[in-house]
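**Q** First to last, the sequence lines map onto chains A and B. Residue numbering for the first sequence follows our numbering, starting at 3 and increasing by one per position. Residue numbering for the second sequence follows our numbering, starting at 60 and increasing by one per position. There's a structure below that I have some questions on.
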Amino acid sequence: MGQRIELTDGRGATWVGSVVPRHEFSGDRVLPLKLESGYNVGVRIGPEFSFRRLPDRPRSRNAELPASPSSAGSADRGWVTLLSTGGTIASRVDYDTGGVRPVREEREILSFYPELERGGRVRIVPVFDRLSEDLVPADWALLAEKVVASFVEGAEGVVIAHGTDTLGFTAAALSFLLRDLPGPVVIVGAQRSPDRPSSDGPSNLAAAVAVARDRRIGEVVVVLHAGLSDDRYAIHRGTWVRKMHSSRRDAFESRNGPPLGEYVDGKVELSQPVRPPGAGPPSADLPLDSRGGLLWSYPGLEPARAEAFVRDLRGVILAGTGLGHIARGHLDWIRAACRRGTIVAMTTQCLAGNADPFVYATGRELHRAGVVFLSDLLPETAYAKLLWALGRSADSAEVLRLLRGDRAGEFRMRHSAGSWV
Amino acid sequence: MKAGLEVHQQLATGKLFCDCPTELSEEVLGVVSRRLRPAGGEERTVDAAAAFQASRGLLYRYEVVPTSCLVELDEEPPHPLNEAALDTALSLSALLHARPVDEIQVMRKIVVDGSNTSGFQRTALIASGGQLDVGGRTVSILSICLEEDAARKVREADGEVVYRLDRLGIPLIEIATGPEITSGEEARAVAQEIGALLRATRRVRRGIGTIREDLNVSTEGGQRIEIKGVQELRKIQEYVDGEVARQKTLLAVRDELGRRRAHVPEREPVDVTPLCEHAGPGPFAEASRGHAVVLALPLPGFAGLLRSPPGTEERLGRELADQARSVGLRGLVHSDELPAYGLDDDRVRSIRQRLELREGDAFVLVTDRSHERASHALRRVAARAREALDGIAGETRDPLPDGRTRYSRPLPGRDRMYPETDIPPIPIPEERLRRIRENLPERPEALRSRLEREHGLDAEVVRQIVYSDAEEPFQELTGRGHPAPLVARLLIHDLPAVPAAEPAGSPFAPTVETLDALLTAVEGGRFAKEGIPRVLAALAGGAGSLDAALEQVGLSGFGKPDLDRLVDRVVRSNDDLVRRKGIECFSALMGDVMKEVRGRRDGQEVAEALRRAIARRAAELGS
Chain A
3 MGQRIELTDG RGATWVGSVV PRHEFSGDRV LPLKLESGYN VGVRIGPEFS
53 FRRLPDRPRS RNAELPASPS SAGSADRGWV TLLSTGGTIA SRVDYDTGGV
103 RPVREEREIL SFYPELERGG RVRIVPVFDR LSEDLVPADW ALLAEKVVAS
153 FVEGAEGVVI AHGTDTLGFT AAALSFLLRD LPGPVVIVGA QRSPDRPSSD
203 GPSNLAAAVA VARDRRIGEV VVVLHAGLSD DRYAIHRGTW VRKMHSSRRD
253 AFESRNGPPL GEYVDGKVEL SQPVRPPGAG PPSADLPLDS RGGLLWSYPG
303 LEPARAEAFV RDLRGVILAG TGLGHIARGH LDWIRAACRR GTIVAMTTQC
353 LAGNADPFVY ATGRELHRAG VVFLSDLLPE TAYAKLLWAL GRSADSAEVL
403 RLLRGDRAGE FRMRHSAGSW V
Chain B
60 MKAGLEVHQQ LATGKLFCDC PTELSEEVLG VVSRRLRPAG GEERTVDAAA
110 AFQASRGLLY RYEVVPTSCL VELDEEPPHP LNEAALDTAL SLSALLHARP
160 VDEIQVMRKI VVDGSNTSGF QRTALIASGG QLDVGGRTVS ILSICLEEDA
210 ARKVREADGE VVYRLDRLGI PLIEIATGPE ITSGEEARAV AQEIGALLRA
260 TRRVRRGIGT IREDLNVSTE GGQRIEIKGV QELRKIQEYV DGEVARQKTL
310 LAVRDELGRR RAHVPEREPV DVTPLCEHAG PGPFAEASRG HAVVLALPLP
360 GFAGLLRSPP GTEERLGREL ADQARSVGLR GLVHSDELPA YGLDDDRVRS
410 IRQRLELREG DAFVLVTDRS HERASHALRR VAARAREALD GIAGETRDPL
460 PDGRTRYSRP LPGRDRMYPE TDIPPIPIPE ERLRRIRENL PERPEALRSR
510 LEREHGLDAE VVRQIVYSDA EEPFQELTGR GHPAPLVARL LIHDLPAVPA
560 AEPAGSPFAP TVETLDALLT AVEGGRFAKE GIPRVLAALA GGAGSLDAAL
610 EQVGLSGFGK PDLDRLVDRV VRSNDDLVRR KGIECFSALM GDVMKEVRGR
660 RDGQEVAEAL RRAIARRAAE LGS
């Protein structure tokens, strides 16, 4: 690997370059080469080929990146702790293969984002280095503890760099877990990896760090691009937000109304009431009980299959159709589950608007069976809330009470006519 | 002198990595603004060209047109590579006897001048090791690549550049020759031959800007210079010759600087703003009012060498000014051109004193509202002046309309390429190559002898047809039965002579249908072929139809009243038929009328006139 060679085929065609790792989708007997011109090509090797080793090429001179101020900012200002978890925002590319892998060290992150400390100190704490689709509720619990520890050490705000796939879940879970936050907890991600000159990572992170220094905020928020331009960054409440596009940089949206505010022109502008910082010491409301599930209702979902899914769980969130419906054939197992104390809660897979049991007969029967309707909670938010509530109590009546009650400003009681997203 | 050529031809196959059309647009729906930054690798190194572009810290605005999609906005992963574009590139590879790779790996080439929303251009090496015979010489073909075109620059203002997304992603075939071309004339001939091969595939876009050449020129003792984006074939020779002259001048300046032991001091720029107080009108007026700074750089031993030596257009002063421009300044002023620009003898003297200059020493001045930008500019100027002591700097230059070139950026290195992971490697199986080989288009030389033979045309006329955009319409129009000499005259003589509507307007490009109608009219005797240029000019000037154009230039020998008279006469001479059949005799009479109209009026119009006349006459006859 890396060896510089000259390769000649049976007809005298030659290639000069270094051998690079095979692509996972490369064909049989294909040798990948990085040519002197910089291009990678694949050459299918046959018995008539010959090659000879060449001496290594001297490394070409590169320009240094513009120097960045290291640990700038005045000493009397507080610091922001950046918890890195992996994902696009903290991935780097291997320039030979183009493969992307999460970074593992603080030094590496600062090398991507040398401008990070322009506004003051940032302490970087790697927590784990995983893509967000691989995260599990136990990771949310660990993150909650790290956030608490960061504030106890004196951070004025905490930023969590996170993969975007399940960022919304983590944001909701931390919103329910964390109490009495003395400052903002800002979760940030990127939709374009940092090797791209067009990456949204650097500006999202800069916006997140700025929001983390805002002394008006004492809750969990998510900061990413508000549009396709690199000029506005939305500040979403952790329980309202959802990834609504697989690739756009403005993929994250607050549902059922506008976000809390925006970071624009270097300023944090809040347009909705936010939870102010708490006075007491911060804490994490652990443990989480992961014996909860999330089930999407669809035409053809067999009641037996749904029943089997719920069997070992203490509770399930249903993402129902429309106002919160599921085929009437499911009523039997739902009634039985509710009778034995399993929590069955309903949300709408419309991802906006309320789940409401009283408009149609199906809804009324579900309600009578004991299903709790969680109005405008997103299914993912409801799932995170369920795990938190299950962790709080072994008594299903108490869990139901917790589910219905407001914990983190998660219900939007008023759906303004002008603010439907 | 040695030169190599890179020909870039746009394809009309649909965009390379998305499903958008390859048409340009004048309608703008909105604007997206972005910033780009160089991305460092593990060692925090970035490509020199990329770092330079990023150092300008510009804001990029992208105009979104109705055909733009999320791929073009860097908001969606690329779609699979366009198969028709790949086939075209493989056909070219076969025509140029190049060896295709067995597996294509699309690469990202870092380009942070904003012309790509992603900050890189996707490009893939398709084949290498080919050759081309031109005028008895063989030129090697180093590589055939398939890449995406950049966004179209609309304008550049203070600190921002505006691009339009319509051109971004149009497939480009890039063909690079070896550095074996020895004259500007030969460069032009090679470009012509490659252009004809490309057009033979029938998959290329036509018109200004759809084919662009990069020229790599190096001279004995000089450096490799890349002149990027020459759009006019006939200018190639001029740019190559101009570059040779420029390098010669700079080498002579280097020798003289060496004799004088000239040097560029390593010191911070000197602020001479106070010495420019009350300067006259000109670049220093702002500074004289305290709104800008003036910074100076002493250049000991450079006096007299910043202006053009007698008999040449090139000068070192311009090279230095290009550096100041590259960071956003208007330019610079050097001592060889002073006193002028509002600085009189006294001020020049005091600046010289302040810089402690002696006779034979020169200096340059820059002025800007931002001290930081002005001193950044002077640092670049100093670096370029140092390079002048060694001769010529390897760099990329932009062609200017007057045949000169201007510094654009450092030469990019191989460090700016890495694999595009969103596109898996693309295998090129032998079956695909066989299919390509079996369907290769006719080569230009074969086409030339066939056209000479089939149409009995003069060899020079055929050469002009084959090496221009005229070849495809020529084949189409002669295929429709128009006489070859008339078609050839129209395409290579009359049409190119039509002036563009306005200086900025695109050249007149009538459809084959329009030309078909025009030729039919000439052949039908509606007007003589001598009238063609006037009719074309009228069409170019906005005449909506051929009839309108004929009318406008007074060639419509058979006007609407003439048509009505003719129709009336035919109908009246068939009163019997009209009385018996009424409007049903239309078909029978239409043939007679058309025979006499001889294509002088539009068929639709004739039919309507005839129907009206039959109805009128039938009513008169009381049937």
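Built from N, CA and C at the ideal position, the CB exists for glycine as well.
1) Using a Cβ-Cβ cut-off of 8 Å, state whether Leu550 of chain B counts as contacting chain A.
2) Leu205 of chain B and Leu145 of chain B look like a contact to me (Cβ under 8 Å); what is the Cβ gap, rounded to whole Å?
3) Using only alpha-carbon positions, find the residue among A:Val211, A:Val22, A:Trp81 that is nearest to Ala157 of chain A.
4) Out of B:Gly218, B:Glu252, B:Gly419, B:Leu149, which has the shortest C-alpha to C-alpha gap to Arg196 of chain B?
5) Report back the beta-carbon spacing between Tyr362 of chain A and His327 of chain A to the nearest angstrom; my notes put them in contact at under 8 Å.
6) For Ser231 of chain A and chain B, any beta-carbon pair shorter than 8 Å?
7) Counting only Cβ pairs nearer than 7 Å, list the residues of chain B close to Arg54 of chain A.
8) Closer than 8 Å, Cβ to any Cβ of chain A: which residues of the segment 483–516 of chain B, in chain order?
9) Between which two residues does the beta strand (DSSP E) carrying Cys204 of chain B extend?
10) Let me see if you follow: with CB-CB separation under 8 Å, is Pro204 of chain A close to chain B or not?
11) Measure the alpha-carbon distance for Arg509 of chain B versus Leu257 of chain B and round it to whole angstroms.
12) Could you tell me if Phe617 of chain B is buried or exposed, where buried requires 16 or more neighbouring beta carbons within 10 angstroms of its beta carbon?
13) Under a Cβ-count criterion, where at least 16 other Cβ atoms within 10 Å of its own Cβ denotes burial, should Val154 of chain A be classed as buried or exposed?
14) Provide the residue(s) that pair with Asp273 of chain B in DSSP beta bridges, ordered along the chain.
15) Would you say Phe254 of chain A lies against chain B (beta-carbon separation less than 8 Å)?
16) Got a sec, what are the start and stop residues for the beta strand (DSSP E) Arg465 of chain B sits in?
17) In chain B, what lies closer than 7 Å to Asp375 of chain A by C-beta?
18) Going by CA-CA distance only, name the one from A:Asp197, A:Leu176, A:Ala192 that's closest to Pro478 of chain B.
19) Who are the near neighbours of Arg406 of chain B in its chain, counting only those whose CB is closer than 8 Å to its CB and skipping five residues on each side?
20) If you reduce the DSSP assignment to three classes, tell me which class Arg63 of chain A lands in.
21) For the alpha helix (DSSP H) containing Leu398 of chain A, list its first residue and its last residue.
22) Under 8 Å Cβ to Cβ from Gly44 of chain A, same chain only, skipping five residues before and after it: list those, please.
23) Throw me the rounded Cβ distance for the Glu219 of chain B and Leu118 of chain B pair, which I believe falls under 8 Å.
24) By DSSP, does Glu215 of chain B sit in helix, in strand, or in coil?
25) Going by CA-CA distance only, name the one from B:Gly641, B:Arg475, B:Leu184, B:Ala547 that's closest to Gly178 of chain B.
26) Which residue from B:Leu614, B:Thr464, B:Ala380 puts its Cα closest to that of Asn275 of chain B?
27) May I ask which residues mark the beginning and end of the beta strand (DSSP E) holding Glu8 of chain A?
28) Excluding the 5 residues preceding and the 5 following Ala380 of chain B in the sequence, name in chain order all residues of the same chain whose CB lies nearer than 6 Å to its CB.
29) Closer than 8 Å is the cut-off here; do at least three beta carbon pairs connect the segment 352–363 of chain B with the segment 438–447 of chain B?
30) Between Gly178 of chain B and chain E, is the shortest Cβ-Cβ distance under 8 Å, so that the two count as touching?
31) Please list the residues of the segment 145–166 of chain B that have a C-beta atom closer than 8 Å to any C-beta atom in chain A, keeping them in chain order.
32) Would you please state the rounded distance, in angstroms, between the beta carbons of Gly188 of chain B and Arg226 of chain B? I believe it to be under 8 Å.
33) For Phe27 of chain A, decide whether its Cβ has a neighbour in chain B, counting only Cβ atoms nearer than 8 Å.
34) Roughly how many whole angstroms lie between the Cα atoms of Leu292 of chain B and Arg320 of chain B?
35) Taking the alpha helix (DSSP H) that Met653 of chain B falls in, what are its first and last residues?
36) Going by the DSSP bridge assignment, what does Phe179 of chain B pair with across the sheet?
**A** So, from the listed chains and residues:
1) Chain A, which has no Cβ nearer than 8 Å to the Cβ of Leu550 of chain B, makes this no.
2) Taking 8 Å as the upper bound for CB-CB distance, Leu205 of chain B and Leu145 of chain B are in contact here, some 6 Å apart.
3) Answer by Cα proximity: A:Trp81.
4) The candidate whose alpha carbon is nearest that of Arg196 of chain B is B:Glu252.
5) That pair is a contact at about 7 Å.
6) Taking Cβ atoms only, chain B reaches closer than 8 Å to Ser231 of chain A, which makes this a yes.
7) Listed along chain B is no residue with a C-beta nearer than 7 Å to that of Arg54 of chain A; the closest approach is about 18 Å.
8) Residues are counted here when their Cβ sits less than 8 Å from a Cβ of chain A; for the segment 483–516 of chain B these are Pro483, Pro484, Pro486, given in chain order.
9) Taken as a continuous stretch (DSSP letters only), the beta strand (DSSP E) holding Cys204 of chain B covers 196–207.
10) Pro204 of chain A counts as touching chain B.
11) In this model, Arg509 of chain B and Leu257 of chain B are separated by some 18 Å (Cα to Cα).
12) Buried is the label assigned to Phe617 of chain B, since at least 16 other Cβ atoms lie within 10 Å of its Cβ.
13) Answer is exposed; the Cβ neighbour count stays below 16.
14) DSSP, once it has assigned bridges, lists B:Glu65 as partnering Asp273 of chain B.
15) No, Phe254 of chain A does not count as interfacial toward chain B.
16) 464–469 is the span of the beta strand (DSSP E), which, as asked, contains Arg465 of chain B.
17) The question names Asp, but residue 375 of chain A is Phe in the sequence shown. Neighbours of Phe375 of chain A on chain B: none; closest Cβ ~36 Å, over 7 Å.
18) Of the residues A:Asp197, A:Leu176, A:Ala192, the one whose Cα lies closest to the Cα of Pro478 of chain B is A:Asp197.
19) Cβ within range, chain order: Leu334, Cys335, Ala338, Pro398.
20) The pLDDT assigned to Arg63 of chain A is 48, lower than 50, so where the model puts this residue is not dependable, and the model offers no usable value.
21) Note on residue identity: the sequence assigns Ser, not Leu, to residue 398 of chain A. That run of the alpha helix (DSSP H) goes 398–406.
22) Contacts found: His25, Ser28, Gly29, Val32, Leu33, Pro34, Leu35.
23) About 4 Å separates the beta carbons of Glu219 of chain B and Leu118 of chain B, which is inside the 8 Å limit, making them a contact pair.
24) In the structure shown, Glu215 of chain B sits in a strand (DSSP, three-state: E or B).
25) For Gly178 of chain B, the nearest C-alpha among the options comes from B:Arg475.
26) Nearest option by C-alpha distance: B:Thr464.
27) From DSSP, the beta strand (DSSP E) with Glu8 of chain A extends over 6–10.
28) So the qualifying residues of the chain are Gly390, Leu391.
29) Flag = yes, the segment 352–363 of chain B and the segment 438–447 of chain B touch.
30) The structure shown has no chain E; the protein chains it does contain are A and B.
31) Residues passing the 8 Å Cβ filter: Arg158, Val160, Asp161, Glu162, Ile163, Gln164, Met166.
32) About 31 Å; that fails the 8 Å criterion.
33) For Phe27 of chain A, the answer is yes, since a Cβ of chain B falls inside 8 Å of its Cβ.
34) In this structure, the straight-line span from the alpha carbon of Leu292 of chain B to that of Arg320 of chain B is close to 42 Å.
35) Run containing Met653 of chain B: 645–656, per the alpha helix (DSSP H) assignment.
36) The partner list for Phe179 of chain B (beta bridge, DSSP) reads B:Ile169.
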